[in-house]
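In terms of full-length UniProt numbering, the sequence shown opens at residue 1 and continues consecutively.
Yeah, the Cβ is synthetic: ideal placement off N, Cα and C, and Gly gets one too.
It should be emphasised that the depicted structure is a prediction, and the values quoted were computed from it without experimental measurement.
These notes concern the structure reproduced below.
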Amino acid sequence: MKKVLIAGAGGYLGTKLTKYLLAKGYEIIALDRFFFGDTLSSLSQNKNLIIIKDDIRFIDDRALKDVDVVVNLAAISNDPAGDLNLKITREINLEGAVRLASLAKKKGVKKYIFSSSCSVYGVGEGELVEESRTAPVSEYGRSKVEAETALLAEAGEKFCVTVLRMATLYGLSESRMRFDLIINVMTLHAWRDRKIYIMGGGKQWRPLLHIDDAVRAFELILMTRKLSLINKRIFNVGSNSQNFQVFQIANRFKKHFRDLSIEVAPGDPDPRSYKVNFDKINKLLDFEVKKTIDDGIKEIKIALENGTIADDLKTNTLKYYQYLMESEMVLNSIKIRDRLF
């Protein structure tokens with residue numbers, strides 16, 4: 001069975017992918033900074049799992065010994081968070097991603113799968129395909145576009161590079177839940193407040209993808225043996241049936257929550273709007289989604305009701321990064337000779 005290094009293994013998608021591949025019998029090296037806590041602690045006794053607490057900017061090539069596939073999920077992981085510190089975003093999302101690929105190539109790793117985002121399309125017109133013009137509106141999106149270009153340039157006969165432009169994820173991830181993704185946060189607000197907020201009038205397009213289907217997409221690339229199908233290729237990952245305008249998404253919640261009110265605000269600090277075509281991955285690799293947004297809403301609602309997940313600071317990436325940065329500033333200001341005590 002293949003040995004897979006997952007960078008960003010402690011995140012929203014990473015924890016789910018790690019658990020899934022372990023259950024399939026893969027050997028996993030889970031690399032993460034673990035900013036959001038020890039999200040893989042429940043798996044620590046698994047003999048097929050090695051956990052490395054490190055950073056793709058600094059890690060050396062020893063972590064890549066005998067690795068067959070690298071899956072790079074590591075990133076400052078959304079548009080608002082990416083604008084907090086432009087330098088760090090580029091260091092991790094671009095330079096770190098390229099550095100990890102270079103190390104992997106030198107160590108004889110066969111495949112490098114890069115998690116990009118449909119955010120690279122920014123404000124797009126029409127139905128966007130992989131060859132459509134990218135127009136990112138944030139440092140997160142720009143760093144992803146530049147990383148894609150640099151990584152695809154590393155591809156060769158012995159080093160297969162695949163870029164997956166993920167639709168906006170949703171669904172339950174118990175070990176590292178996020179309530180800064182549109183379906184997830186709307187479910188939280190509907191459950192807690194019986195109210196959903198729509199910014200910018202709600203006509204913006206968003207492509208959506210259940211986290212379990214995202215996991216299956218990565219496994220599909222991992223398992224594909226005919227490298228000509230995936231090498232030096234970009235795939236939009238999602239489903240044509242799950243392109244929605246924001247107001248359409250909000251209206252879907254009415255069948256899940258009684259007495260739900262929807263408030264619409266005309267302004268929106270986020271200008272992104274993109275309707276994406278997913279025919280390529282469907283036709284070339286037979287990828288089809290299995291979950292719907294109704295499945296995602298239901299599972300999150302049940303988890304909130306059962307107390308399996310909670311709405312705390314760590315579930316909002318932007319706010320938690322702000323907290324960490326502010327805490328670092330306070331601690332550094334009171335240190336003497338680099339010591340707190």
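Minimum Cα-Cα distance from V123 among the listed residues D270, M325, L260 corresponds to D270. A residue is called buried when at least 16 other Cβ atoms come within 10 angstroms of its Cβ; E299 meets this threshold and is buried. Counting other Cβ atoms within 10 Å of its Cβ, S42 stays below 16 and is therefore classed as exposed. Between the segment 91-105 and the segment 44-54 there are fewer than three inter-stretch CB-CB distances shorter than 8 Å, so the stretches are not counted as touching. DSSP places Q248 inside the alpha helix (DSSP H), whose first and last residues are 246-252. Scanning its chain for C-beta atoms nearer than 8 Å, with the 5 sequence neighbours on each side dropped, one finds around T224 the residues I230, L285, in chain order. Beta-bridge partners assigned by DSSP to G10: none are found. Between the segment 305-319 and the segment 237-253, the count of Cβ pairs shorter than 8 Å is below three; the stretches do not touch. When the beta-carbon positions are compared, L181 and Y170 come within less than 8 Å of each other.
Exposure of A153 is indicated by the presence of fewer than 16 other C-beta atoms within 10 angstroms of its C-beta. Secondary structure of A104 (DSSP, three-state): helix. The beta-carbon distance between Q204 and R258, rounded to whole angstroms, is 27 Å. This is too long to meet the 8 Å contact definition. For the 8 Å CB-CB criterion, I59 and A30 do not form a contact. T15 and K335 have their C-alpha atoms roughly 35 Å apart. Membership of V276 in any alpha helix (DSSP H) is not indicated; the residue belongs instead to the beta strand (DSSP E) covering 273-276.
For G141 against L73, the beta-carbon gap comes to about 16 Å, at or over 8 Å, which does not count as contact. In chain order, G82, I88, T89, I92, N93, Y140 place their CB closer than 7 Å to the CB of I76, counting only its own chain and leaving out the 5 sequence neighbours on each side.
Looking at the DSSP output, P207 shares a beta bridge with N243. In the three-state scheme derived from DSSP, where H, G and I count as helix and E and B as strand, R225 is classed as coil.
In the pairwise beta carbon analysis, the segment 231-239 is classified as touching the segment 156-170: at least three pairs are separated by under 8 Å.
Secondary structure within the segment 32-107: the alpha helix (DSSP H) runs of 4 or more consecutive residues, fully enclosed, are 79-82, 86-90, 97-106 (chain order). Counted as a single uninterrupted DSSP element, the alpha helix (DSSP H) harbouring E148 occupies residues 139-152. In the three-state reduction of the DSSP assignment, M177 falls in the coil class, being assigned neither a helical nor a strand state. Of the residues M166, K19, N78, V70, the one whose Cα lies closest to the Cα of Y320 is N78.
Distances from the alpha-carbon of P136 to those of V129, E146, D61 put E146 closest. Excluding residues up to 5 positions away in sequence, M186, A190, I196, L260, I297 lie with their Cβ nearer than 7 Å to the Cβ of F253 in the same chain. Beta-bridge partners assigned by DSSP to F287: none are found.
The residues D61, in chain order, have a CB closer than 8 Å to that of K106 in the same chain once the five nearest residues on each side in sequence are set aside.
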